[in-house]
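In my numbering, the protein residues as written are 18 to 268.
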């Protein structure tokens with residue numbers, strides 16, 4: 018299960034579509050940085066079979082600080098892995114195209130055992146601190162570096178700005194990976210939450226034989242409608258099932 022969720026996390030659209038079922042409208046969709054609170058539920062599928070559920074919560078305050086959290090639990094054929102949960106959290110600042118994470122935490126809860134890994138971003142000193150248990154490593158922090166959650170906000174901005182592509186680096190507690198996000202044409206997609214006309218974004222990396230894509234409808238949600246990762250004839254998908262939004266300042 019951990020392998021599947023990591024594939025998804027490393028994986029994460031505004032024309033009208035006739036006969037679609039829209040989600041609630043997000044406040045000021047053109048600018049990430051306006052105060053909002055969003056909660057979204059997803060199904061996790063491995064080769065079209067349910068293997069888990071994910072719950073995302075995004076909060077952006079008036080000072081442009083953000084918190085994005087994701088909780089993943091096993092379901093379906095993986096439900097026998099009782100007590101195995103993955104909690105990820107990204108905190109930082111976002112203002113339009115500028116998304117700067119400050120702290121990322123990855124926690125694996127397996128019964129009574131908890132394993133925690135962290136990333137600390139020091140943008141003033143350009144240093145990235147990786148913490149894995151008692152092991153600590155400090156490396157150079159490159160411009161445009163994201164964690165496995167904050168890059169979703171960068172991808173969403175690319176979709177809303179209708180740019181061509183953006184080069185970023187996605188850091189994990191063990192390594193960093195250069196990634197190119199490329200905007201694709203709008204297309205109709207259907208997820209459990211409804212039918213949308215979404216903009217696709219491909220995530221290109223150095224890994225041959227892998228295909229990673231995200232789909233956004235920026236007028237419906239700041240979070241992706243679908244995330245897909247395919248390799249060696251297998252596909253892991255995260256598809257939107259529920260969405261609730263609170264417009265305005267959460268305070």
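We put the beta carbon where it would ideally sit given N, CA and C, even for glycine. It should be emphasised that the depicted structure is a prediction, and the values quoted were computed from it without experimental measurement.
Requested in this report: Using a threshold of 8 angstroms, state whether the C-beta atoms of residue 232 and residue 220 are closer than that.
Outcome: Position 215 of the chain shown, counted from the start, is the residue given in the question as residue 232. Position 203 of the chain shown, counted from the start, is the residue given in the question as residue 220. Taking the C-beta atoms as reference points, residue 220 is found no nearer than 8 angstroms to residue 232.
Report task. Check residue 8 in the structure and name its three-state DSSP category. Result -> Lying outside 18 to 268, the shown extent of the chain, residue 8 is not represented and no answer is given.
Requested in this report: Could you give the DSSP three-state label for residue 152: helix, strand or coil?
Outcome: In the chain shown, counting from the first residue as 1, residue 152 sits at position 135. Assignment of residue 152 by DSSP, reduced to helix, strand and coil, places it in the strand class.
Query raised in the report: Can you tell which of 51, 181, 205, 188 has its C-alpha closest to the C-alpha of residue 155?
Result: Here residue 155 corresponds to residue number 138 of the chain shown, with the count starting at 1. Ranking 51, 181, 205, 188 by Cα distance to residue 155 puts 188 first.
**Report entry** Which of helix, strand or coil DSSP assigns to residue 237
**Finding:** Residue numbering aside, residue 237 sits at position 220 when the chain shown is read from its first letter. Residue state, collapsed to three classes: coil.
Requested in this report: Give the single residue among 115, 69, 259, 261 whose Cα lies nearest to the Cα of residue 170.
Outcome: As a first step, residue 170 must be located in the chain shown, where it is residue number 153. Comparing alpha carbon positions, the residue from 115, 69, 259, 261 closest to residue 170 is 115.
Report task. State buried or exposed for residue 180, treating a residue as buried only when at least 16 other CB atoms are found within 10 Å of its CB. Result -> Locating residue 180 in the chain shown gives position 163, where the first residue counts as 1. Burial state of residue 180 is exposed, judged by a 10 Å Cβ sphere holding fewer than 16 other Cβ atoms.
Query - Cβ-Cβ distance between residue 168 and residue 148 below 8 angstroms - result: In the chain shown, the residue the question calls residue 168 occupies position 151. In the chain shown, the residue the question calls residue 148 occupies position 131. No, Cβ-Cβ distance for residue 168 and residue 148 is not below 8 angstroms.
Query raised in the report: Since residue 105 and residue 130 are thought to touch, with beta carbons under 8 angstroms apart, how far apart are those beta carbons, to the nearest angstrom?
Result: Start at 1 with the first residue of the chain shown, and residue 105 comes out as number 88. Start at 1 with the first residue of the chain shown, and residue 130 comes out as number 113. Beta-carbon to beta-carbon, residue 105 and residue 130 are separated by about 17 angstroms, too far to satisfy the 8 angstroms threshold.
Query - Per-residue burial, residue 262 [other beta carbons within 10 Å of its own, 16 or more giving buried] - result: One-based indexing of the chain shown puts residue 262 at position 245. With 16 or more Cβ atoms within 10 Å of its Cβ, residue 262 is classed as buried.
Query raised in the report: Quick one, are the C-beta atoms of residue 107 and residue 166 less than 8 angstroms apart?
Result: As a working mapping, residue 107 is identified with position 90 in the chain shown. As a working mapping, residue 166 is identified with position 149 in the chain shown. Yes, the pair counts as a contact, with Cβ atoms nearer than the cut-off.
Query raised in the report: Got a sec, what are the start and stop residues for the beta strand (DSSP E) residue 76 sits in?
Result: Counting from 1 along the chain shown, the entry for residue 76 is found at position 59. Segment 66-77, the beta strand (DSSP E) holding residue 76.
Query raised in the report: Counting along the chain, where does the beta strand (DSSP E) carrying residue 129 start and finish?
Result: Reading the chain shown from its first residue, position 112 is the one you call residue 129. DSSP places residue 129 in no beta strand (DSSP E); its state is neither H nor E.
Query raised in the report: Hey, residue 204 and residue 215: beta-carbon distance below 8 angstroms or not?
Result: Taking the chain shown and counting its residues from 1, one reaches residue 204 at position 187. Taking the chain shown and counting its residues from 1, one reaches residue 215 at position 198. Result yes, Cβ atoms of residue 204 and residue 215 sit closer than 8 angstroms.
Query raised in the report: Can you tell me the Cα-Cα spacing of residue 46 and residue 255, whole angstroms?
Result: For the purposes of this step, residue 46 is taken as residue 29 along the chain shown, with counting starting at 1. For the purposes of this step, residue 255 is taken as residue 238 along the chain shown, with counting starting at 1. Its pLDDT being 40, under 50, residue 46 is placed unreliably in this model, and the coordinates cannot settle the point.
Query raised in the report: For the beta strand (DSSP E) that residue 201 lies in, which residues bound it at each end?
Result: Locating residue 201 in the chain shown gives position 184, where the first residue counts as 1. Looking at the DSSP string, the run of the beta strand (DSSP E) that includes residue 201 is 193-208.
Requested in this report: Let me know if residue 65 comes out buried or exposed under the rule of 16 or more other beta-carbons within 10 Å of its beta-carbon.
Outcome: On the chain shown, residue 65 is found 48 positions in, with the first residue counted as 1. Residue 65 comes out exposed.
Query raised in the report: Are residue 164 and residue 118 close, meaning C-beta to C-beta below 8 angstroms?
Result: Taking the first residue of the chain shown as position 1, residue 164 is located at position 147. Taking the first residue of the chain shown as position 1, residue 118 is located at position 101. Taking 8 angstroms as the Cβ cut-off, residue 164 and residue 118 qualify as a contacting pair.
**Report entry** Which of helix, strand or coil DSSP assigns to residue 257
**Finding:** Taking the first residue of the chain shown as position 1, residue 257 is located at position 240. The answer is strand: DSSP assigns residue 257 an E or B state.
Query raised in the report: Does DSSP classify residue 211 as helix, strand or coil?
Result: On the chain shown, residue 211 is found 194 positions in, with the first residue counted as 1. Reduced to three states, the DSSP call for residue 211 is strand.
Report task. Per DSSP, which residues does residue 220 bridge with? Please list them. Result -> As a first step, residue 220 must be located in the chain shown, where it is residue number 203. Note: residue 220 sits in a beta bridge opposite 198.
Requested in this report: Could you tell me how far apart the beta carbons of residue 257 and residue 209 are, in whole angstroms, since I believe they sit closer than 8 angstroms?
Outcome: Here residue 257 is taken as the residue at index 240 of the chain shown, counted from 1. Here residue 209 is taken as the residue at index 192 of the chain shown, counted from 1. About 7 angstroms separates the Cβ atoms of residue 257 and residue 209, confirming a contact at the 8 angstroms cut-off.
Requested in this report: Starting from the C-beta of residue 157, find all residues in its chain whose C-beta is less than 8 angstroms away, skip the five residues before and the five after it, and write them out in chain order.
Outcome: If you number the chain shown from 1, residue 157 lands on position 140. Scanning its chain for C-beta atoms nearer than 8 angstroms, with the 5 sequence neighbours on each side dropped, one finds around residue 157 the residues 143, 144, 145, in chain order.
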